[in-house]
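The opening position of the sequence shown corresponds to residue 766 in my numbering, with each subsequent residue numbered one higher. Heads up, the beta-carbon is just placed ideally off N, CA and C, and yes, glycines get one too. Report on the structure given below.
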Amino acid sequence: MSAGHPPPARTGPVAEIAAAAQELVDGLLTEPWGRVSPSVYETGRVISLTPWLAGHRQRLDYLVATQRPDGGWGAPDPGYALVPTLSATEALLAARPHDPELARSAERGVAVLRRWLSGGGPALPDMPAIEHLAPALIELINRRLAEPLPSPPKLDGALLPVIRSVLTGGGEIPEKLIHALELAGDAARGLPALRPQSTGTIGASPAATAAWLGDQEPEPDHPARRYLEEAARPHGGPVPCGLPITVFERGWVLGWLARAGIPVTVPDTLVRELADAVGERGAPAAAGLPADADTTSGALYALALLGAPRRPDPLWAYEAGAHFATWPGEDGVSVSTNAHVLEAFGQYAAAVPAEAPRYAATIARVGAWLAGRQEPDGSWRDRWHASPYYATACCALALERFGGATGGPAVHRARRWVLDSQRPDGSWGHWSGTAEETAYAMQILLLSRPADGESAEAARAAVARGLDRLPATAPGPDEPALWHDKDLYLPTAIVRSAVLAARGLALDNAHVSSR
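What follows is the structure, encoded as structure tokens:
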């Protein structure tokens, strides 16, 4: 990958990958808000909160079309499916007097929710605000039902009054909480403490923006209205979870393609804008969100790989002892964030050797912390993605490059886990085999060194079988959403870059024949 200079010409399948990657990179400028799948949760909230918004019927049709045979929405795990199913069901209950089809869909949603919420409710994944969003939605649904849904003790909503007080009390609202402004209920409408960002968003969330606008239609040129219209445009009505994701998307796409050596030209404008996004406190995913260590690391890592290194010092604001927090005061820890922090410090030190001693202790400390968080089976699990293949790829590849002697044994265990967990059809995946997870597994095998005694033939065969499961250019529209926000989402450009990187590495590898 080169910044501002055309890469050497390629032929055959690798040339096709390079062309697809170049199209992906060019799209970072032509679609600067980012490319994200529609969200059942956010779409349901926009239906209920802003029924006047153009595309209302299309959003209702989307909910009906995406309902599963069991009556739920979202991932096959009830814990992941709970919030989107609650949101969709509430939206359909609000609209059902006007359409028998919507009424039937709503009734099926209520039935599956009764099953899930009985007996204590499902185990909840570590997703943003899930313990607050679920009881708030149960509360809304129960206003419409003669027989209320059960409210398990862990979803009693005891903290909702506190959160609503913080949101509406007139003081400064924590930036992370603005992303879930809809928790404030009716009090969110026109909240004086908040004003739309330059993009028109409140909290980089359609649901939060819809909550702030409310059910009274504003003037056509209102910035928040224009934001919602733009968020709904790519999918013809449904809206995504978080938008924009400008800096987040650019850092990941450019970093992953560069690490894999995919030959593309990165416009100077893109490099400059990515560098400008990193301030004294780091970089936010986009306007409307606070800076965070994960996005900052992704931007810094990509810049160093592109030959435009920036000192990673803003990351020290996120130090939390032996590890780094995604943001100050984070409730929990993220191994993928720390893997990206390790890459940001390590790649800068590699790019600017004279300054390497300044960062050596931090690199060693984070590497040791990551190795210590590995699961007994050799994988890692994380709070920002449903799949262990994502977390394991992040950690194993960071440790392979910058983990030193501490990282080697952990990487070898990760390779063994990958080899042992390949599915019979050649794919990898948590719930089912996916192109995204297969790409992560292949990158682990292709970008790390095998352990002593590991069968080279086994790794070659695994990669070859995985390659057969990857689409030629990009995952299809039915690729499942695995990334954590208020709902699971699919950052399509980022996932596409991971798939292209894996294909390019595999086809360039001397042990895998081109197809």
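Residues near residue i by beta carbon distance below 6 Å, same chain, minus five either side
i: residue 1268; result: 782 and 1235
i: residue 1153; result: 1144 and 1146
i: residue 1288; result: The question about residue 1288 has no answer, for the chain in this structure spans 766 to 1280.
i: residue 1047; result: 1056, 1061 and 1079
i: residue 1013; result: 1050 and 1060
i: residue 997; result: 820 and 1004
i: residue 1019; result: 1067
Collapsed DSSP secondary structure at residue i in the structure displayed
i: residue 1248; result: strand
i: residue 1142; result: coil
i: residue 1032; result: coil
i: residue 778; result: helix
i: residue 1057; result: strand
i: residue 922; result: coil
i: residue 932; result: helix
i: residue 857; result: helix
i: residue 1004; result: coil
i: residue 1047; result: strand
i: residue 843; result: helix
i: residue 1079; result: helix
i: residue 944; result: coil
i: residue 889; result: coil
i: residue 838; result: coil
i: residue 785; result: helix
i: residue 983; result: coil
i: residue 1234; result: coil
i: residue 954; result: coil
i: residue 1216; result: coil
Beta-ladder partner(s) of residue i, from DSSP
i: residue 1084; result: 1089
i: residue 1150; result: 1248
i: residue 1113; result: According to DSSP, residue 1113 bridges with nothing at all.
i: residue 801; result: 1256
Boundaries of the alpha helix (DSSP H) in which residue i is found, first to last residue
i: residue 977; result: 971-978
i: residue 1196; result: Run containing residue 1196: none; DSSP gives neither H nor E here.
i: residue 1259; result: 1257-1273
i: residue 938; result: From DSSP, residue 938 is part of no alpha helix (DSSP H); its letter is neither H nor E.
i: residue 1209; result: 1200-1212
i: residue 913; result: It is not in any alpha helix (DSSP H) - residue 913 carries neither H nor E in the DSSP assignment.
i: residue 823; result: 821-831
i: residue 904; result: 895-907
i: residue 968; result: Run containing residue 968: none; DSSP gives neither H nor E here.
Residue i to residue j span [Cα, whole Å]
i: residue 928; j: residue 940; result: 13 Å
i: residue 1040; j: residue 882; result: 47 Å
i: residue 827; j: residue 1078; result: 45 Å
i: residue 1008; j: residue 778; result: 33 Å
i: residue 946; j: residue 1218; result: 54 Å
i: residue 1004; j: residue 993; result: 8 Å
i: residue 896; j: residue 926; result: 13 Å
i: residue 858; j: residue 906; result: 8 Å
i: residue 886; j: residue 985; result: 43 Å
i: residue 835; j: residue 852; result: 16 Å
i: residue 1123; j: residue 1244; result: 43 Å
i: residue 1266; j: residue 969; result: 29 Å
i: residue 1279; j: residue 1273; result: Reliability fails at residue 1279, whose pLDDT of 35 lies under 50, so the model's placement of it is uncertain and the value that follows must be treated cautiously. Their backbone Cα atoms lie some 8 Å apart in a straight line.
i: residue 975; j: residue 1050; result: 20 Å
i: residue 1287; j: residue 1011; result: In the structure as shown, the chain starts at 766 and stops at 1280, and residue 1287 therefore has no counterpart that could be examined.
i: residue 784; j: residue 1029; result: 8 Å
i: residue 911; j: residue 1015; result: 49 Å
i: residue 1097; j: residue 1089; result: 11 Å
i: residue 1115; j: residue 1121; result: 7 Å
Contacting residues, own chain, Cβ-Cβ under 7 Å from residue i (five flanking each side not counted)
i: residue 1172; result: 1132, 1136, 1164 and 1165
i: residue 861; result: 867, 868 and 871
i: residue 1275; result: Confidence in residue 1275 is poor, its pLDDT being 47 and thus under 50, which makes the residue's placement unreliable; the coordinate value appears in the next sentence. Here the set comprises nothing.
i: residue 899; result: 847, 848, 851 and 920
i: residue 917; result: 882, 885 and 886
i: residue 1106; result: 1058, 1062, 1080, 1089 and 1131
Any non-hydrogen atom of the ligand HEM within 6 Å of residue i CB
i: residue 1056; result: Among the components modelled here there is no ligand, and therefore nothing to report on the ligand HEM.
Cβ shell of residue i (< 8 Å), same chain only, five flanking positions each side left out
i: residue 1139; result: 1145, 1160, 1175, 1178 and 1179
i: residue 1277; result: For residue 1277, the predicted model reports a pLDDT of 43, less than 50, meaning its position is unreliable; a value from the coordinates is still stated below. 1225, 1228, 1229, 1232 and 1271.
i: residue 845; result: 839, 890, 892, 1151 and 1253
i: residue 864; result: 825
i: residue 919; result: 885, 886, 889 and 896
i: residue 1110; result: 1077, 1080, 1124, 1127, 1128, 1131 and 1167
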